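From first to last, the protein sequence lines stand for chains A and B.
According to my numbering, the first sequence is numbered sequentially starting from 4.
According to my numbering, the second sequence is numbered sequentially starting from 4.
We put the CB at the ideal spot given by N, CA and C, even for glycine.
From a predicted model like this one, the values you see are computed outputs, not experimental measurements.
Below is one structure, written out as structure tokens; comments come after it.
Protein chains: 2
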Amino acid sequence: MSATDERYQRLLARAREGEVPATSQLISALESRRAGTEAILGDLHRAGGHAEIVGITGSPGSGKSTLVSALARELRGRGETVAIVAVDPSSALSGGAILGDRIRMQDHVLDVGIFVRSMSTRGSLGGVSRATVDAVAVLDAAGWDHVIVETVGVGQAEVEIMRIAHTTVVVSVPGAGDDVQAIKAGLMEIADLHVVNKADRPDANKTAAELLAMLTLAGPPAAGGWAVPVLSTASLDGTGILELADALAAHLAWMTASGERERRELKMAAARIHSIARDLIVERLAGPSAGAAVDQVVRDVAARRLDPHSAARALVDNHPVPEPQLEKIA
Amino acid sequence: MSATDERYQRLLARAREGEVPATSQLISALESRRAGTEAILGDLHRAGGHAEIVGITGSPGSGKSTLVSALARELRGRGETVAIVAVDPSSALSGGAILGDRIRMQDHVLDVGIFVRSMSTRGSLGGVSRATVDAVAVLDAAGWDHVIVETVGVGQAEVEIMRIAHTTVVVSVPGAGDDVQAIKAGLMEIADLHVVNKADRPDANKTAAELLAMLTLAGPPAAGGWAVPVLSTASLDGTGILELADALAAHLAWMTASGERERRELKMAAARIHSIARDLIVERLAGPSAGAAVDQVVRDVAARRLDPHSAARALVDNHPVPEPQLEKIA
Chain A
4 MSATDERYQR
14 LLARAREGEV
24 PATSQLISAL
34 ESRRAGTEAI
44 LGDLHRAGGH
54 AEIVGITGSP
64 GSGKSTLVSA
74 LARELRGRGE
84 TVAIVAVDPS
94 SALSGGAILG
104 DRIRMQDHVL
114 DVGIFVRSMS
124 TRGSLGGVSR
134 ATVDAVAVLD
144 AAGWDHVIVE
154 TVGVGQAEVE
164 IMRIAHTTVV
174 VSVPGAGDDV
184 QAIKAGLMEI
194 ADLHVVNKAD
204 RPDANKTAAE
214 LLAMLTLAGP
224 PAAGGWAVPV
234 LSTASLDGTG
244 ILELADALAA
254 HLAWMTASGE
264 RERRELKMAA
274 ARIHSIARDL
284 IVERLAGPSA
294 GAAVDQVVRD
304 VAARRLDPHS
314 AARALVDNHP
324 VPEPQLEKIA
Chain B
4 MSATDERYQR
14 LLARAREGEV
24 PATSQLISAL
34 ESRRAGTEAI
44 LGDLHRAGGH
54 AEIVGITGSP
64 GSGKSTLVSA
74 LARELRGRGE
84 TVAIVAVDPS
94 SALSGGAILG
104 DRIRMQDHVL
114 DVGIFVRSMS
124 TRGSLGGVSR
134 ATVDAVAVLD
144 AAGWDHVIVE
154 TVGVGQAEVE
164 IMRIAHTTVV
174 VSVPGAGDDV
184 QAIKAGLMEI
194 ADLHVVNKAD
204 RPDANKTAAE
214 LLAMLTLAGP
224 PAAGGWAVPV
234 LSTASLDGTG
244 ILELADALAA
254 HLAWMTASGE
264 RERRELKMAA
274 ARIHSIARDL
284 IVERLAGPSA
294 GAAVDQVVRD
304 VAARRLDPHS
314 AARALVDNHP
324 VPEPQLEKIA
């Protein structure tokens with residue numbers, strides 16, 4: 004075991020004891036992605052499986068952060084621990100998001116049962132970045148009861164969140180055409196729960212009614228299926244937060260009883276494997292270890308001595324690779 | 004050789020004789036992606052390399068279509084043949100784009116030296132789809148002098164276009180903050196030529212000045228490098244179209260003389276190989292032929308008996324695959 008591995012192992016052991024600084028350091032170490040992270044990611048995966056992972060998405064300005072903060076307080080009141088991962092677009096906006104993060108941390112600073120962490124989306128163009136997936140793995144392995152992943156509603160992020168979450172909550176706000184946006188952006192298909200936040204605004208009932216109408220159009224759920232609820236919240240005075248926590252618990256209970264949880268975890272595993280396999284291929288073909296053989300193949304394709312499909316097949320099949328590790332660790 | 008292969012070969016032979024219907028049929032056949040397309044794509048690649056591929060990108064409403072039409076007319080006047088591939092977002096907008104396509108076709112309907120084809124971007128989320136890449140390969144192999152790929156300025160499309168084009172033209176329009184959009188969207192880095200279209204509008208000089216200021220900030224080109232020009236056009240009365248055609252020719256001449264063309268073709272080949280390799284991996288892991296072994300691995304990962312990195316490595320390395328075909332076809 005290398006010195007790096009040992010450091011990771013020590014951090015993981017301390018994170019599992021509930022030490023927040025060790026948890027933070029482990030997330031940062033994986034985010035900077037130094038060599039030798041793969042072994043610790045394997046350990047994290049095997050140690051995980053406890054947390055309920057909830058994805059919360061909605062457009063900027065929908066009040067997601069305040070809602071998540073209020074939800075966390077409610078879950079804490081029920082004796083459960085809550086970790087929050089806030090995914091920020093890696094743009095000029097992130098300064099603002101980090102500030103918001105600090106304010107929220109202060110909100111919960113005396114509570115060791117709450118953890119808040121911001122992640123940038125660099126490198127994955129608005130998607131749920133690899134670093135976010137790793138952070139969720141750390142928090143799951145460290146034994147947090149709930150891991151809430153909060154994404155701003157841009158581009159693919161909302162759809163991608165479904166791939167790492169057991170339950171997906173879509174937040175809309177009254178007026179400003181945001182309801183229509185949720186419907187247009189394909190969010191109807193991914194929502195397990197709808198929340199109309201800022202329910203004290205004048206148009207709140209109209210927004211909720213429109214969402215219900217869209218759900219009705221899609222038809223009733225199959226026998227034993229899940230009927231997607233539309234909840235109304237006003238995070239500032241706490242309206243609807245209790246009901247939201249109840250609905251999350253109900254969805255979890257339904258998933259477990261119906262076999263849906265198992266189906267989703269299979270899908271999550273498949274998506275994770277595909278994503279890593281794609282990264283591996285890109286690394287092999289473009290990384291520093293790709294070497295002269297790949298260079299020659301690229302030159303042959305550019306010179307039209309070889310076609311790109313044959314080249315891709317040959318490289319995927321024949322490139323020298325590390326030893327396979329397909330032994331079950333039961 | 005299968006019956007499908009023979010059909011493709013016949014279509015390719017007729018396309019190379021300049022038969023437009025055969026060219027269209029070949030593009031459609033590849034778009035619907037029936038079995039056995041890989042061999043013909045290999046033939047297309049080996050037959051290609053003649054065309055100058057120009058990417059033209061800009062936000063909706065920047066008048067790209069009219070500009071491209073005027074440019075095509077100018078290039079035809081110089082005795083060169085021009086094929087246009089217009090990439091449409093696969094949204095409700097495509098009805099409008101197809102209509103525009105028909106209007107443009109009528110514009111050139113009596114000229115056999117012009118070819119116009121619309122492609123949807125389905126399946127690649129605003130990017131340059133596989134079908135577009137294949138259409139460019141058909142037109143290149145069929146011997147067209149210029150292949151112009153026109154993309155609407157959404158998301159990643161502008162950056163992706165650079166991967167299949169020798170020369171990238173970014174179109175801005177005066178006012179409406181579009182100049183700022185071009186700058187913000189990372190288009191400054193990909194532009195070989197800037198065009199300010201609708202130059203008869205009041206703010207045209209201001210937009211051109213802002214683009215020039217941004218280019219100046221980036222510093223002068225290296226000795227023997229390319230100084231990105233900012234051209235002004237008004238497609239309706241033909242202002243600046245001649246200068247645009249000249250600038251494209253100058254860029255091509257510079258690329259050839261400086262070795263940049265060779266460097267770009269290497270990059271294009273590498274990007275193409277990577278993209279096909281990623282598709283191959285996804286097909287293998289998720290396709291109908293993936294089979295019981297992959298299912299078992301996914302179940303093992305979901306049950307945390309196996310970690311996803313080891314699973315991905317093992318699957319990428321060990322999955323049964325067709326015979327490698329890495330023989331040079333000189």
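So H169 (chain B) packs on V57 (chain B), CB below 8 Å; how close in whole Å?
As a first step, residue 169 (chain B) is located in the second sequence; it is residue number 166 there, counting from the start. As a first step, residue 57 (chain B) is located in the second sequence; it is residue number 54 there, counting from the start. The pair is a contact, with the Cβ atoms about 7 Å apart (cut-off 8 Å).
Leaving aside the five residues before and after A42 (chain B) along the sequence, list all residues of the same chain whose C-beta is less than 7 Å from its C-beta, in chain order.
Here the question's residue 42 (chain B) lines up with position 39 in the second sequence. The residues are D8.
At a CB-CB cut-off below 8 Å, which residues of chain B make contact with V319 (chain A)?
Counting from one through the first sequence, the residue named residue 319 (chain A) turns up at place 316. Residues of chain B passing the Cβ test: A280, L283, I284, V319 and V324.
With DSSP as the reference, label A86 (chain B) as helix, strand or coil.
For the purposes of this step, residue 86 (chain B) is taken as the residue at position 83 of the second sequence. Strand, per DSSP.
Contacts around P54 (chain A), its chain only, beta-carbon distance under 6 Å, and the 5 residues preceding and following it disregarded:
As a position in the first sequence, residue 54 (chain A) is number 51, starting the count at 1. It is Ala, not Pro, that sits at residue 54 (chain A) in the sequence shown. Excluding sequence positions up to five before and after A54 (chain A), its CB lies within less than 6 Å of the CB of D143, W147 and V150, all in the same chain and listed in chain order.
By the criterion of Cβ-Cβ separation under 7 Å, what are the contact partners of L269 (chain A) in chain B?
On the first sequence, residue 269 (chain A) is found 266 positions in, with the first residue counted as 1. Near L269 (chain A) (Cβ distances below 7 Å), the residues of chain B are V301, R302 and A305.
Given that D310 (chain B) touches chain A, what residues does it touch there, using C-beta distances under 7 Å?
Within the second sequence, the letter at position 307 stands for residue 310 (chain B). In chain order: L44, G45, H48 and R49.
Count the CB pairs spanning the stretch 201 to 215 of chain B and the stretch 171 to 178 of chain B that are closer than 8 Å, and state whether there are at least three.
yes
Any idea what DSSP makes of L309 (chain B), helix, strand or coil?
Here the question's residue 309 (chain B) lines up with position 306 in the second sequence. Of the three classes helix, strand and coil, the one that applies to L309 (chain B) here is coil, per DSSP.
Closest to R49 (chain A) by CA distance: which of B:V319, B:G241, B:R307 and B:D195 is it?
Sequence index remark: in the first sequence, residue 49 (chain A) carries index 46 (1-based). Closest by alpha carbon: B:R307.
Give the straight-line distance between the Cα atoms of A225 (chain A) and S261 (chain A), rounded to the nearest whole angstrom.
Here residue 225 (chain A) corresponds to residue number 222 of the first sequence, with the count starting at 1. Here residue 261 (chain A) corresponds to residue number 258 of the first sequence, with the count starting at 1. Each residue's alpha carbon lies about 12 Å from the other.
Classify T219 (chain B) as helix, strand or coil using the three-state DSSP reduction.
As a first step, residue 219 (chain B) must be located in the second sequence, where it is residue number 216. In the structure shown, T219 (chain B) sits in a helix (DSSP, three-state: H, G or I).
Taking its Cβ as the centre, do 16 or more other Cβ atoms sit within 10 Å of L196 (chain B), making it buried, or is it exposed?
Your numbering for residue 196 (chain B) matches position 193 in the second sequence. It is buried - the Cβ of L196 (chain B) has at least 16 other Cβ atoms within 10 Å.
Using a Cβ cut-off of 8 Å (strictly closer), state whether R19 (chain B) contacts chain A.
Locating residue 19 (chain B) in the second sequence gives position 16, counting from the first residue. Judged by the 8 Å Cβ criterion, R19 (chain B) is not in contact with chain A.
Measuring only between beta-carbons, confirm whether H254 (chain B) sits less than 8 Å from chain A.
What you label residue 254 (chain B) is simply residue 251 of the second sequence in a count that begins at 1. Answer no: the Cβ-Cβ gap between H254 (chain B) and chain A never drops below 8 Å.
Applying the 10 Å Cβ sphere with the 16-neighbour rule, what's the burial state of E330 (chain A)?
Reading the first sequence from its first residue, position 327 is the one you call residue 330 (chain A). Low confidence applies here, because E330 (chain A) scores a pLDDT of 36, under 50, leaving its location unreliable; read the following figure in that light. It counts as exposed.
Is there a C-beta anywhere in chain A that falls below 8 Å from the one on G146 (chain B)?
Here the question's residue 146 (chain B) lines up with position 143 in the second sequence. Judged by the 8 Å Cβ criterion, G146 (chain B) is not in contact with chain A.
Taking DSSP as the reference, what is the three-state secondary structure of A314 (chain A)?
Mapped onto the first sequence, residue 314 (chain A) falls at position 311. DSSP places A314 (chain A) in helix when its eight states are reduced to three.
Quick one: which chain A residues come within Cβ less than 8 Å of H53 (chain B)?
Residue mapping note: residue 53 (chain B) aligns to position 50 of the second sequence, counting from 1. Result: empty, since nearest Cβ-Cβ is about 10 Å, beyond 8 Å.
Contained alpha helix (DSSP H) runs [length at least 4] in the stretch 191 to 254 of chain B, N- to C-terminal order:
You should have 207 to 220.
Are the C-beta of I30 (chain B) and some C-beta of chain A separated by less than 8 Å?
Translated into the one-based positions of the second sequence, residue 30 (chain B) becomes position 27. Not an interface residue.
Taking just the CA atoms, how far does A289 (chain B) sit from G309 (chain B)?
Locating residue 309 (chain B) in the second sequence gives position 306, where the first residue counts as 1. Locating residue 289 (chain B) in the second sequence gives position 286, where the first residue counts as 1. This sequence places Leu at residue 309 (chain B); Gly is not what is there. L309 (chain B) and A289 (chain B): Cα-Cα distance of roughly 18 Å.
Proximity winner among A:E20, A:E192 and A:E34, relative to R120 (chain A) (alpha-carbon distances)
Counting from 1 along the first sequence, the entry for residue 120 (chain A) is found at position 117. R120 (chain A) has its Cα closest to that of A:E34, out of A:E20, A:E192 and A:E34.
Beta bridge counterpart(s) of H149 (chain A) as assigned by DSSP:
Within the first sequence, numbered from 1, the residue matching residue 149 (chain A) stands at position 146. H149 (chain A) is bridged by DSSP to A:E55 and A:V85.
Which residue's Cα is closest to the Cα of A250 (chain A): A:T242, A:R17, A:E265 and A:V233?
One-based indexing of the first sequence puts residue 250 (chain A) at position 247. If we check each option's Cα against that of A250 (chain A), A:V233 comes out closest.
The beta strand (DSSP E) with S175 (chain B) in it runs from where to where?
Counting from 1 along the second sequence, the entry for residue 175 (chain B) is found at position 172. Run containing S175 (chain B): T170 to S175, per the beta strand (DSSP E) assignment.
Of the choices A:R79, A:R166 and A:D46, whose alpha-carbon is the least far from that of A145 (chain A)?
Within the first sequence, numbered from 1, the residue matching residue 145 (chain A) stands at position 142. Considering only alpha carbons, the answer is A:D46.
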